[in-house]
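Visitor: I am attaching a structure below and will ask some questions about it afterwards.
There are 4 protein chains.
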Amino acid sequence: RGAWTRVQSASTAARLDLSGIFPPIATPFTTSEDVDYRRLEENLQKYAKIPFKGLVVQGSNGEYPYLTEEERVEVVQAVRSSLQPQKLLMAGSGCESTKATLQLTEKMAAVGADVVLVVTPCFYKGKMDSQALIQHFTKVADSSPVPVVLYSVPANTGLELPVDAVVQLSQHPNIAGLKDSGGDITRIGLIVHKTKGQDFQLLAGSAGFLMAAYSVGAVGGVCALANVLGQELCELERLCVSGRWEEARVLQQRLIEPNAAVTRKLGVPALKQAMEWFGFHGGACRSPLQPLTEAETQQLRRDFTSNGWL
Amino acid sequence: RGAWTRVQSASTAARLDLSGIFPPIATPFTTSEDVDYRRLEENLQKYAKIPFKGLVVQGSNGEYPYLTEEERVEVVQAVRSSLQPQKLLMAGSGCESTKATLQLTEKMAAVGADVVLVVTPCFYKGKMDSQALIQHFTKVADSSPVPVVLYSVPANTGLELPVDAVVQLSQHPNIAGLKDSGGDITRIGLIVHKTKGQDFQLLAGSAGFLMAAYSVGAVGGVCALANVLGQELCELERLCVSGRWEEARVLQQRLIEPNAAVTRKLGVPALKQAMEWFGFHGGACRSPLQPLTEAETQQLRRDFTSNGWL
Amino acid sequence: RGAWTRVQSASTAARLDLSGIFPPIATPFTTSEDVDYRRLEENLQKYAKIPFKGLVVQGSNGEYPYLTEEERVEVVQAVRSSLQPQKLLMAGSGCESTKATLQLTEKMAAVGADVVLVVTPCFYKGKMDSQALIQHFTKVADSSPVPVVLYSVPANTGLELPVDAVVQLSQHPNIAGLKDSGGDITRIGLIVHKTKGQDFQLLAGSAGFLMAAYSVGAVGGVCALANVLGQELCELERLCVSGRWEEARVLQQRLIEPNAAVTRKLGVPALKQAMEWFGFHGGACRSPLQPLTEAETQQLRRDFTSNGWL
Amino acid sequence: RGAWTRVQSASTAARLDLSGIFPPIATPFTTSEDVDYRRLEENLQKYAKIPFKGLVVQGSNGEYPYLTEEERVEVVQAVRSSLQPQKLLMAGSGCESTKATLQLTEKMAAVGADVVLVVTPCFYKGKMDSQALIQHFTKVADSSPVPVVLYSVPANTGLELPVDAVVQLSQHPNIAGLKDSGGDITRIGLIVHKTKGQDFQLLAGSAGFLMAAYSVGAVGGVCALANVLGQELCELERLCVSGRWEEARVLQQRLIEPNAAVTRKLGVPALKQAMEWFGFHGGACRSPLQPLTEAETQQLRRDFTSNGWL
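Going down the list, the sequences are from chains A, B, C and D.
By my numbering, the letter at position 266 of the first sequence is numbered 266, and the numbering carries on one by one without gaps.
By my numbering, the letter at position 249 of the second sequence is numbered 1249, and the numbering carries on one by one without gaps.
By my numbering, the letter at position 304 of the third sequence is numbered 2304, and the numbering carries on one by one without gaps.
By my numbering, the letter at position 216 of the fourth sequence is numbered 3216, and the numbering carries on one by one without gaps.
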């Protein structure tokens, strides 16, 4: 198991409580498409007032595939320097090859990530069966200085981390949980069930099914919409955790359309546009992501107004 | 709106409360592949002792596509003659053409169906957009003597009834609800949200996401697994309805694998095999459905034993 | 092998040469949605002047799922009484259950079908593996009085008849070939390769890949577009068969967009509209198929005009 | 159009003839997973004796997503130094962001690539519509010092470059063609048809449909199998180009199964294993790609032996 030892990891993982809401923060760019650290910092100051458990940096809607490796590390470092110490910093360190993932994971830990979020490799999807994925994540977890959260996001990768692989990986002392963005609630319930002997936590990967995920045993959520309606998502968390399901349901329902709009329907450009409406810096995306058309902007606005948010 | 009038339907629909659990009953056959009415009757007597809201006859796992039109009506008639009057009889009457659906709906009502379950036509799936489906279901609901429940089951039809079509159709006074077997909990929550001004009820179409569906506002479930573990599903209903979510979760989790086994993993032959183990008559399926292999039977058994049911 | 004997079938199959073009004829309806036999007859008289190998009656774009069983047989009978004796009548007799398929096959043969086209059952698609499909088609072929052509049409059924099943079934003396509408040319080439020891013929199921299918060894095509541009498809056949590939390519390319328009893009309503433009009776479809919108009609027209056909 | 001028590109593109066979070369690694330049060189010496049009370096089965940017450039440089000057070097330079693609394209040209192969960005697949892709490829082609070949490989990217985007991009003077690995022959025929006014060449992206692609107007192929059976693929090219379709068909059919085995069925590890059997250096893949199991190795061997290649 290389440098990492079972003892060390058990204690590491023991320290890690993932329960709560994490915004996977967007990356603001300047007009010349450079990372805009000033605007990022201003967003972080606003997020600091919201009772988030922590932040995800380099999640899918952080446009990480459009950042160089250097930029990926630099952004994490910038966030760390600003983030309150009691908040968790979860950094995306997944790459296609195991080797590159190992290296980036080390770098993320070195600049202050508390935990890394490692997406399934996906280019050779036909070969990414349970065995290949188990080997990949095991090697990463074996060598990672910080706990690892598995990340399954089929809308982007075309690949869902199989349940049997998750169950197997949940036994690794340095694997702390799974961010599941697929939203198949039957699968989520099953994973909670089959990992219940382990110190393994499930995070809902989108706000659309957050309450349902809590109902079947998730402990939190990494939700793009938290960039926009962070306070409200923390309120939804509180209602679920305290068993106030009727109130939770009313709030959850009002979040589905805004969430769909900033994720699968209109994507990162919509997330960034909505951030602007709610007092955050969103701005443009890197190419080839295109700005919203006028019609899309109106559709986005409708999805917020018709649910009483604008 | 043809023969059917708004007044009549409003009162009809008002009477209809779908909340509760419905087994979509399996159809037992003799060794010569004829409907085995004696065994069916014996199953019904056992189901009579379980607090089901009613029964679905000719749901997807009743092998209705393998029955002739005459058989479909005859089986409904047989069930009616045996079923306690206070239990609802929901009869599948969907066909590919609107015309055939209208006719079969009339026949089902004539032999005693309280409500009909109408599946989306699907052969020309590329043309079954919201407009075509709205027209189809509207014509059926206009002329049906009994309330209509929409039925979306993408695993069989390759087609999901779009949310906008459901919302539009929910306004029809003779459309009482939707059986959603797709299991996308975000969609289910959204449908509940967008139809809440209507007298429109949502039924979970599978036991795997029953609790999650309750959490976001469903009123019941049509669950293949209720043919086998009917008492337990009624218990899960009771826990959800009375807000005992912690206990519900524990029970729900133990039902996911057995449910998957008798539905998408191993299908109707597995459902019928499991029925045998639990004291019901399952028996063989009509061809081309094949009996389980020995390996499949063992896998099925494992999915029940590992969750403490056998 | 039941009533059917190897000897009988070998001779039956030996008589059957499927090489050439078959229009899968559309079914004209009256304004009250009844089959319009007069208009059907007029279409047949026009088709009689085109060097088709024969006709397919009750293919996917004959709206067979919208016909009753009686209508399906009646239409075949009507076509038989009009069709020149040297032309083949291939009748669709596939149903979901094996039993129903056996019965309809007998009826089709009794009213004069030379060969039956049997689609893959598909409702329980998760269970329709090679073994189930081999059993189904074997039983049908064993008892059919006329040769059987397998029919794989994934766009409608959500299911592709697996290559290994085709290869196995090709050895049956009463199975004459496969109509493959999926259009995967690698698969088509492989099937020709692996069935070359058998008396087994491959028909392209759409005009879009007709020439490519000839290039890898198909012997003909069942093409919706032949209802509209029948003469041109027979010309394409002639060019392919006589090795005039350069001329074939030019003609083939002009047919792709019109073909797509009347099949996957705009479906049967477009096929019927285009028939009207070219002097045939198309007319309306049965519900739930909707008439084309004005925008769709214009798009359809453009797909013909931009390729020089209108 | 930025730095690049129409005149320059017209002449550039005019020089480029893509007709012929290109192996997308595999990348041999040492046991420590470093690029094995010695073995690569030995492979190149063997390929030099085969009448390839050129080589593709960093195609999908070159494991380019597992190489660092530096390695990607270095491998191209190594190949250039060894490759006969009359052979084309096509280098994969596609990245997720437009900016990174521009930079890598420049580097590839600087180390001697004659043409670059640019894959569709795919992580945000829901947003990669025609407009986004047209903008991406246009910017790349505008600034690239060498001609650009578009690359559509849905099995890896989950995304097919839409026909309308291809047609629009075909008008760019610095875009020379398309490598289409999807294998939809109807689409390939349509693209040839709709780009025929342009200096735009279509390359089949796999050996399974090479002959069919030639029949509808492709000019060559980039085929993984050419790493193993390069001479035979050049022979297939010769037969197609000289109109000897009967002989071509026989050869094509024997190549389908071996090709499927080293691509979609068993992937890059199988390609590398087969290379070993035929006298080339394949070796291991980078993790997370796994070595073949014993059963897979046997299946691979069967796919070659049953077609007479081993």
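Note that beta-carbon positions come from the ideal geometry of N, C-alpha and C, so glycine has one too.
This structure is a prediction, so every number in the text was calculated from the model and none was measured.
By the DSSP assignment, the beta strand (DSSP E) with Y2151(C) in it spans what residues?
Guide: 2148–2152
Visitor: By Cβ distance below 6 Å, which residues in the same chain neighbour G3205(D) in space, the five residues on each side in sequence not counted?
Guide: Counting only Cβ-Cβ distances below 6 Å, and skipping sequence neighbours, we find K3179, D3180, S3181, V3222.
Visitor: For a test of the three-state rule: what should DSSP assign to I1021(B), helix, strand or coil?
Guide: strand
Visitor: Any idea what DSSP makes of D3184(D), helix, strand or coil?
Guide: In this structure, D3184(D) counts as strand in the three-state DSSP scheme.
Visitor: G358(A) CB to nearest chain B CB: under 8 Å?
Guide: Lying before the first or after the last residue shown, residue 358(A) is absent from chain A, which here runs from 1 to 310.
Visitor: What does a CB cutoff of less than 6 Å around M1108(B) pick up in its chain, not counting 5 residues either side in sequence?
Guide: In the same chain as M1108(B), and ignoring 5 residues on each side of it, the C-beta atoms closer than 6 Å to its own belong to V1076, A1091, S1093, V1116, in chain order.
Visitor: Give me the Cα-Cα distance between R38(A) and Y47(A), rounded to the nearest whole angstrom.
Guide: 14 Å
Visitor: Are the C-beta of V2035(C) and some C-beta of chain B separated by less than 8 Å?
Guide: no
Visitor: Taking 8 Å as the cut-off, decide whether the C-beta atoms of N2061(C) and P2028(C) are in contact.
Guide: P2028(C) is positioned such that its CB atom lies no closer than 8 Å to that of N2061(C).
Visitor: Going by alpha carbons, who is nearest to L3089(D) out of L3016(D), L3271(D), L3300(D), P3173(D)?
Guide: L3016(D)
Visitor: How is I1175(B) classed by DSSP in three states: helix, strand or coil?
Guide: strand
Visitor: Would you say T2263(C) reaches chain D, if we count a Cβ-Cβ gap shorter than 8 Å as a contact?
Guide: Not one chain D Cβ lies under 8 Å of T2263(C).
Visitor: Using the beta-carbon of each residue, which ones in chain A are nearer than 8 Å to M3128(D)?
Guide: Here the neighbours are P288.
Visitor: With a threshold of 6 Å on Cβ separation, who are the neighbours of K2087(C) within its own chain once the five nearest residues in sequence on each side are excluded?
Guide: G2054
Visitor: With DSSP run on the structure shown, which of helix, strand or coil describes V1166(B)?
Guide: helix
Visitor: Give the interface partners of T3186(D) over in chain C, defined as CB-CB distance under 7 Å, in chain order.
Guide: G2183, G2208, F2209, I2256
Visitor: What does V1153(B) touch in chain A if you count any residue whose Cβ is under 9 Å from its own?
Guide: Chain A residues near V1153(B): none, gap ~15 Å exceeds 9 Å.
Visitor: State the DSSP-derived secondary structure class of Q1201(B), mapped to helix, strand or coil.
Guide: strand
Visitor: From this set, S3032(D), V3153(D), S3143(D), which residue's C-alpha is nearest K99(A)'s C-alpha?
Guide: S3032(D)
Visitor: Evaluate contact between the segment 2181–2190 of chain C and the segment 3236–3246 of chain D, counting only Cβ atoms and requiring at least three cross-stretch pairs below 8 Å.
Guide: no
Visitor: Please list the partners that K3107(D) has in chain A, where partner means a Cβ-to-Cβ separation under 7 Å.
Guide: Here the premise fails: no neighbours, minimum Cβ distance about 14 Å.
Visitor: Since A1204(B) meets chain C, which of its residues come closer than 7 Å, beta carbon to beta carbon?
Guide: Going along chain C, no residue has its Cβ under 7 Å from A1204(B), so there is no contact; the nearest lies around 19 Å.
Visitor: Determine whether the beta carbon atoms of Y2124(C) and N1156(B) lie at a separation below 8 Å.
Guide: Yes, these two residues count as a Cβ contact at 8 Å.
Visitor: Using a C-beta cutoff of 8 Å, does P3121(D) count as contacting chain A?
Guide: yes
Visitor: Looking at C-beta atoms only, is the number of pairs between the segment 2167–2179 of chain C and the segment 2195–2202 of chain C that lie closer than 8 Å three or more?
Guide: yes
Visitor: For P3162(D), which residues in the same chain have their Cβ closer than 6 Å to its Cβ, ignoring the five residues on either side in sequence?
Guide: S3130
Visitor: Residues of chain A with CB under 9 Å from L1190(B), in chain order?
Guide: G208, Q253, I256, E257, A260
Visitor: Could you tell me whether the Cβ of E2096(C) comes closer than 8 Å to any Cβ of chain B?
Guide: yes
Visitor: What residues from the segment 58–79 of chain A come within 9 Å of chain B, judged by C-beta to C-beta, listed N to C?
Guide: none
Visitor: Among T120(A), D114(A), S152(A), which has the Cα closest to the Cα of N174(A)?
Guide: D114(A)
Visitor: Would you list the one or two residues that DSSP bridges to F1029(B)?
Guide: V1035(B)
Visitor: Enumerate, from N- to C-terminal direction, the unbroken beta strand (DSSP E) stretches of 3 or more residues contained entirely within the segment 3188–3254 of chain D.
Guide: 3201–3204, 3220–3222
Visitor: Would you be able to state if there are at least three C-beta pairs under 8 Å between the segment 1289–1309 of chain B and the segment 1266–1274 of chain B?
Guide: The segment 1289–1309 of chain B and the segment 1266–1274 of chain B touch, with three or more beta-carbon pairs separated by less than 8 Å.
Visitor: Where does V3056(D) sit, in a helix, a strand or coil, going by DSSP?
Guide: strand
Visitor: Which residue's Cα is closest to the Cα of L233(A): A212(A), L255(A), V219(A)?
Guide: L255(A)
Visitor: So that I know if they touch, is there some Cβ in chain G lying closer than 8 Å to that of K3272(D)?
Guide: This model lacks chain G altogether; the protein chains it does include are A, B, C and D.
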